[in-house]
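Protein chains in written order, with the numbering used here: chain A, 1 to 99; chain B, 100 to 198.
Number of protein chains: 2
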Amino acid sequence: MEQVDIFKALSNKTRLQILEWLKDPETSFPEQKANGYANGVCVGQIQAKAGLTQSTVSDYLSVLQRAGFVTSTRMGQWTYYKRNEEAFEHLSTLIKSAL
Amino acid sequence: MEQVDIFKALSNKTRLQILEWLKDPETSFPEQKANGYANGVCVGQIQAKAGLTQSTVSDYLSVLQRAGFVTSTRMGQWTYYKRNEEAFEHLSTLIKSAL
DNA sequence: AAGTTATATCGGTTTTTCCCGATATATAGA
DNA sequence: TCTATATATCGGGAAAAACCGATATAACTT
């Protein structure tokens, strides 16, 4: 994954929003409270909140994952996505040093 | 300037490269040594190094300027661009806090 | 096995970005 | 003023991204 692709992943309002939502899943996705948030939030919840089609949101989550900003866990029929805080730390450092 | 536009400005290989070049103008633009680097580097030098047309490079520099990553100074027929380090600091902080 | 639900992938249309050539503007010098 | 040089802006063709619907895959339920 090249540097420019990291920034491309962040060059979309919806994707930025998803990352912000995942920062505080308890608040952003209360519907999932029963299942907990240990592995993140499932695609359906994110899709509903984003107001885009299922295919688009699935696509966006792949983009974010390829860039390292989220990780996914398959549990039964659901795929849960959660933030990978290391990626943000890393990017923050990179901007200071390499950029 | 919205957050997403900051990242769009960084979503291009040439623009990223220009920012890196401007980090160390003495090394990247030795041709300009006679004139000094106090105000940055003029468009022509950047264009020659980028290997793109004058209009494209001028455009790219505008994009970087609108996003705050560079500032420009007009001196005679030349426009000099240099990095605005504050913008990078700011972005680095933003990624840790807001993103 | 058949039906249901959740997600991923595929093909295509629309929108945006990339990058160009042509032209306009600004400054300097003869 | 006329000419040359440096940069900015404008209009457009080509490439990439956004986003969709349709369909495929995977796992659960009965």
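Every residue, glycine too, gets a C-beta built ideally from N, C-alpha and C.
Residue i versus residue j - alpha carbon distance
{"i": "G135(B)", "j": "E86(A)", "result": "40 Å"}
{"i": "T79(A)", "j": "I46(A)", "result": "11 Å"}
{"i": "T170(B)", "j": "G143(B)", "result": "16 Å"}
{"i": "A197(B)", "j": "S191(B)", "result": "10 Å"}
{"i": "L121(B)", "j": "F69(A)", "result": "28 Å"}
{"i": "N39(A)", "j": "L16(A)", "result": "20 Å"}
{"i": "G76(A)", "j": "N12(A)", "result": "30 Å"}
{"i": "S127(B)", "j": "C141(B)", "result": "12 Å"}
{"i": "V4(A)", "j": "T113(B)", "result": "10 Å"}
{"i": "Y81(A)", "j": "A34(A)", "result": "17 Å"}
{"i": "E125(B)", "j": "E20(A)", "result": "40 Å"}
{"i": "D24(A)", "j": "Q32(A)", "result": "12 Å"}
{"i": "L52(A)", "j": "P30(A)", "result": "19 Å"}
{"i": "H189(B)", "j": "S55(A)", "result": "34 Å"}
{"i": "L193(B)", "j": "L94(A)", "result": "13 Å"}
Cβ distance (whole Å) where residue i is taken to contact residue j below 8 Å
{"i": "V156(B)", "j": "A166(B)", "result": "Contact doesn't hold; Cβ gap of about 16 Å is too wide."}
{"i": "I117(B)", "j": "Y159(B)", "result": "7 Å"}
Same chain, Cβ closer than 7 Å to residue i, five either side skipped, listed in chain order
{"i": "N183(B)", "result": "G167, F168, V169, T170"}
According to DSSP, residues forming a beta bridge with residue i
{"i": "Y80(A)", "result": "C42(A), T73(A)"}
Close-in-space but distant-in-sequence residues of the same chain around residue i (CB under 8 Å, 5 per side omitted)
{"i": "K96(A)", "result": "none"}
{"i": "M1(A)", "result": "R66, A67, G68"}
{"i": "F88(A)", "result": "F69"}
Proximal residues to residue i (C-beta, below 6 Å), its chain only, five neighbours per side dropped
{"i": "V63(A)", "result": "A9"}
{"i": "T172(B)", "result": "N138, Y179"}
{"i": "A48(A)", "result": "none"}
Cβ-heavy atom distance, residue i to the ligand GDP, below 7 Å
{"i": "V156(B)", "result": "Of the ligands one can find in the structure shown there are none, so the ligand GDP has no counterpart to examine."}
Inset, instruction - Ignoring anything shorter than 4 residues or poking outside the stretch 107-169 of chain B, list the alpha helix (DSSP H) runs there in chain order. - result: Listed in chain order, they are 112-120, 124-127, 142-149, 153-165.
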